[in-house]
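Q: Dumping the structure here so I can ask a few things about it.
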Amino acid sequence: MIKLKEKIGYGFGDAASSMFWKIFGMYSLFFYTDVFGITAAAAGTMFLIARLWDSFFDLFVGIMSDRTKTRWGKYRPYLLWFAIPFAVMGVITFFTPDFGQTGKLIYAYVTYSLMMIVYSLINVPYASLLGVISSDPKERNSLSSYRMSFAFIGSFVTFMLLQPLIDFFSKHFGGEAGVSATQVVETSVSTAPIGWVMGVGAIGIICIVLFLLCFFWTKERVVQIESEENVSVKQDLKNLFRNAPWWILVGTGLAALLFNAIRDSVAIYYFRDYVQVNYRMAGTGWDMTTIYFLVGQAANLLGVILAPSISAKYGKKKTYAIAILVAGMLSTGFYFIPNNIVYILILQFFTSMFAGYVLPLLWSMFADIVDHQELATGRRASGLIFSSSSMSQKLGWALGAAMSGWILAMFNYMPDVAQQSAETIFGERIMMSLLPAVCCLLAFIGMSFYPLSDKKVKENFELLEKKRAQAGL
4 MIKLKEKIGY GFGDAASSMF WKIFGMYSLF FYTDVFGITA AAAGTMFLIA RLWDSFFDLF
64 VGIMSDRTKT RWGKYRPYLL WFAIPFAVMG VITFFTPDFG QTGKLIYAYV TYSLMMIVYS
124 LINVPYASLL GVISSDPKER NSLSSYRMSF AFIGSFVTFM LLQPLIDFFS KHFGGEAGVS
184 ATQVVETSVS TAPIGWVMGV GAIGIICIVL FLLCFFWTKE RVVQIESEEN VSVKQDLKNL
244 FRNAPWWILV GTGLAALLFN AIRDSVAIYY FRDYVQVNYR MAGTGWDMTT IYFLVGQAAN
304 LLGVILAPSI SAKYGKKKTY AIAILVAGML STGFYFIPNN IVYILILQFF TSMFAGYVLP
364 LLWSMFADIV DHQELATGRR ASGLIFSSSS MSQKLGWALG AAMSGWILAM FNYMPDVAQQ
424 SAETIFGERI MMSLLPAVCC LLAFIGMSFY PLSDKKVKEN FELLEKKRAQ AGL
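Quick note on this note's numbering: the sequence shown kicks off at 4 and runs consecutively.
If you want it as structure tokens, here you go:
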């Protein structure tokens with residue numbers, strides 16, 4: 004039985020990761036176009052190239068962490084080693100140098116790529132911990148729910164703090180950048196570069212603390228049944244690529260993450276250009292976009308909390324499939340409902356709640372695939388398999404962010420105009436509604452072919468427990 008403290012400690016790791024991940028997912032495109040000063044198309048291409056190669060770097064990190072041997076275990080040491088580089092690299096990424104367009108683009112490619120590398124070096128081993136903290140599928144489901152709950156709490160904290168922090172630092176330190184207090188208030192979020200670098204730095208300090216708590220409060224327990232000596236990387240990869248359930252889960256996960264990435268990337272533009280509600284909540288500094296994000300995160304968290312009990316009753320596969328389909332159907336509503344903030348927030352709540360069911364089930368199902376592969380091959384390559392889940396996550400965000408930048412450019416988005424054209428606003432509405440719905444439909448179709456039912460997962464668990472007992476482990 005895993006104690007509550009350890010479950011919370013494990014959750015802290017994803018809280019830290021998600022705090023930065025939400026900044027990348029929801030704010031980075033806006034940062035690069037309206038603060039850093041490159042075009043939407045250039046930013047989209049940069050996201051794709053940087054994250055595409057980095058997605059495959061995740062596999063290398065998974066292979067490396069599977070072969071790491073320390074007194075702390077295989078995966079936990081990475082939390083200790085890379086907590087501080089994670090925060091420092093985030094600050095460097097959101098720094099705006101005084102370069103020309105070519106110099107800025109080179110700086111963006113280099114720093115964003117390095118940030119994704121550091122993210123992989125801490126997040127892939129962290130994800131792999133789920134496979135070695137416990138071998139019990141029910142405990143894993145619980146750990147996965149704690150992980151996702153704290154991920155959404157971390158995201159919630161980011162949304163509560165980031166805009167007020169950026170606006171605060173911009174107002175008090177932005178004078179050197181030529182940004183007045185009036186300009187700070189008039190924009191949806193300040194575009195003063197100093198506000199962004201200092202705001203991200205403050206979030207980074209919180210991340211360091213959470214990663215270290217995750218390191219100290221967790222423990223690796225599950226050990227390999229057979230010897231790991233002389234197991235080649237080539238054989239590990241061959242085993243992985245022959246794993247049919249893995250291919251299906253990577254594909255459905257990719258589609259589900261595309262759904263989130265596209266909606267998240269365009270939200271700031273959608274609210275500023277289409278919704279145009281000039282409102283800030285007293286005492287917080289939150290504008291309507293931040294409130295929209297907070298409503299979504301609260302609903303996501305509710306979905307995460309409900310996911311274990313619902314999936315226990317109906318099964319992971321069925322719950323995943325129905326939840327992603329309903330999220331897609333609700334997403335289409337953003338195109339058809341009136342431009343009314345009440346309708347938008349209600350629809351955001353229910354869309355996000357159903358989307359919230361999906362992610363904890365996705366991570367828990369990757370742990371089931373670790374067991375499936377161990378039975379088939381005798382090799383428990385947790386790091387490699389969980390790195391592939393991280394790979395699908397990054398590919399989803401890479402394609403989603405790239406598509407968002409390209410589509411904005413295709414609909415002639417202009418960062419320096421007071422009012423976007425009707426053509427641009429139409430494109431932003433499509434990106435908030437119909438395009439994400441197509442991604443959900445693809446995820447639903449993929450999940451219908453997934454072969455690991457709850458019954459099969461239970462059988463795999465019992466067989467592995469019997470083998471460990473026989474091996475004296």
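Heads up, the beta-carbon is just placed ideally off N, CA and C, and yes, glycines get one too.
As the structure is a computational prediction, the values presented were derived from the model and not from experiment.
Identify whether ARG283 lies in helix, strand or coil by the three-state DSSP scheme.
A: DSSP places ARG283 in strand when its eight states are reduced to three.
Q: Any idea if ILE347 is buried or exposed, counting beta-carbon neighbours within 10 angstroms, 16 or more meaning buried?
A: ILE347 comes out buried.
Q: Whether or not the region 394-402 and the region 247-264 are in contact is what I'm after, with contact meaning three or more pairs of Cβ atoms, one per stretch, closer than 8 Å; do they touch?
A: Yes: the two stretches touch, three or more of their Cβ pairs being nearer than 8 Å.
Q: Check whether the region 10-29 touches the region 134-150, counting contact only when three or more Cβ pairs, one atom from each stretch, lie closer than 8 Å.
A: Contact holds: three or more Cβ-Cβ distances are below 8 Å.
Q: Would you list the residues sitting across from GLY318 in a DSSP beta bridge?
A: According to DSSP, which records beta bridges pairwise, GLY318 is partnered with nothing at all.
Q: For GLU431, count neighbouring Cβ atoms within 10 angstroms of its own Cβ and tell me buried if that reaches 16, exposed if not.
A: By the neighbour-count rule (16 or more Cβ atoms within 10 Å), GLU431 is buried.
Q: Secondary structure at THR73, three-state DSSP: helix, strand or coil?
A: Strand, per DSSP.
Q: For ASP290, which residues does DSSP report across the bridge?
A: Partner(s): ARG283.
Q: Three or more C-beta pairs under 8 Å: does that hold for the region 283-303 against the region 352-359?
A: In short, these stretches touch, since the Cβ pair count reaches three.
Q: What first and last residue would you give for the alpha helix (DSSP H) that runs through ARG471?
A: It spans 457-474 - the alpha helix (DSSP H) in which ARG471 sits, taken as one unbroken run.
Q: State the CB to CB distance for the pair TYR115 and MET22, rounded to an integer number of angstroms; the pair is presumed to be in contact (CB under 8 Å).
A: Contact doesn't hold; Cβ gap of about 17 Å is too wide.
Q: Inspect the beta-carbon positions of LEU66 and LEU387 and report whether they are closer than 9 Å.
A: Here the sequence assigns Ile to residue 66, which means Leu is not the residue at that position. Yes, the Cβ-Cβ distance between ILE66 and LEU387 is below 9 Å.
Q: Residues in the same chain with beta-carbon distance under 8 Å from LEU304, minus the five sequence neighbours each way, listed in chain order, please.
A: Hits under 8 Å: SER152, PHE155, ILE156, PHE159, GLY359.
Q: Let me know if LYS319 comes out buried or exposed under the rule of 16 or more other beta-carbons within 10 Å of its beta-carbon.
A: Answer is buried; the Cβ neighbour count reaches 16.
Q: Can you list, in chain order, the residues of its chain with a C-beta nearer than 6 Å to that of ASN246? Leave out the 5 residues immediately preceding and following it.
A: GLN376.
Q: MET368: buried (16+ other C-beta within 10 angstroms of its C-beta) or exposed?
A: The residue in question, MET368, is buried, as its Cβ has 16 or more Cβ neighbours within 10 Å.
Q: By DSSP, does SER230 sit in helix, in strand, or in coil?
A: With a pLDDT of only 48 at SER230, under 50, the local geometry of the prediction cannot be trusted, and no value is derived from it.
Q: My understanding is that LEU82 touches PHE214, with C-beta atoms under 8 Å, so please give their C-beta distance in whole angstroms.
A: Indeed, because the Cβ distance is near 5 Å, the residues count as touching under 8 Å.
Q: So LEU117 and ALA45 are in contact, right, with Cβ under 8 Å, and what is the actual spacing, rounded?
A: The Cβ separation is near 18 Å, so there is no contact.
Q: Check the C-beta distance from SER407 over to ASP69 and give it rounded, since I have them as a contact under 8 Å.
A: Not a contact, Cβ separation roughly 34 Å.
Q: Can you tell me which of the three DSSP states ILE136 falls into?
A: In the structure shown, ILE136 sits in a helix (DSSP, three-state: H, G or I).
Q: Return helix, strand or coil for ALA5, following the three-state DSSP convention.
A: It is worth fixing the name first, because residue 5 is Ile in this sequence and not Ala. DSSP places ILE5 in coil when its eight states are reduced to three.
Q: Classify LYS461: buried if its beta carbon has 16 or more other beta carbons within 10 angstroms, exposed otherwise.
A: Exposed, because fewer than 16 other Cβ atoms sit within 10 Å of the Cβ of LYS461.
Q: Report the rounded CA-to-CA distance for ILE95 versus ASP457, giving the unit in angstroms.
A: Cα to Cα, the separation comes out at about 45 Å.
Q: Span of the alpha helix (DSSP H) holding PHE39?
A: Counting along the chain, PHE39 falls outside any alpha helix (DSSP H), and DSSP gives it neither H nor E.
Q: Would GLN396 be called buried (16 or more neighbouring beta carbons within 10 Å of its own) or exposed?
A: Looking at its Cβ environment, which holds 16 or more other Cβ atoms inside 10 Å, GLN396 is buried.
Q: Just how far apart, CA to CA, sit TYR323 and TYR277?
A: Distance between the alpha carbons of TYR323 and TYR277 is about 32 Å.
Q: Relative to the alpha-carbon of ARG79, which residue among LYS222, GLY106, GLY47, LYS316 has its alpha-carbon at the smallest distance?
A: Per the Cα distances, LYS222.
Q: Just checking my contact of LEU350 with GLY336 at CB under 8 Å: how many whole Å lie between their CB atoms?
A: The Cβ separation is near 5 Å, so the contact holds.
Q: Run the proximity test for ILE271: is its beta-carbon closer than 8 Å to any non-hydrogen atom belonging to the ligand ATP?
A: Looking at this structure, you won't find the ligand ATP or any other ligand, since it has none at all.
Q: In this structure, how does DSSP classify PHE98 when only helix, strand and coil are distinguished?
A: Of the three classes helix, strand and coil, the one that applies to PHE98 here is coil, per DSSP.
Q: Contact check, ASN242 vs ASP374 under 8 Å by CB: the rounded distance?
A: At roughly 13 Å, the Cβ-Cβ gap does not stay under 8 Å, so ASN242 and ASP374 are not in contact.
Q: So for MET49, helix, strand or coil by DSSP?
A: Helix.
Q: With burial defined as no fewer than 16 other Cβ atoms inside 10 Å of the residue's Cβ, what is the status of THR161: buried or exposed?
A: Buried is the call here.
Q: I'd like the list of long-range same chain contacts for ILE313, defined as Cβ closer than 8 Å, with 5 residues on each side in sequence excluded.
A: Once the five neighbours on either side are set aside, the close Cβ partners of ILE313 are THR322, TYR360.
Q: Measuring alpha carbon to alpha carbon, tell me which residue in TRP289, PRO248, SER173 is nearest LYS459.
A: Considering only alpha carbons, the answer is PRO248.
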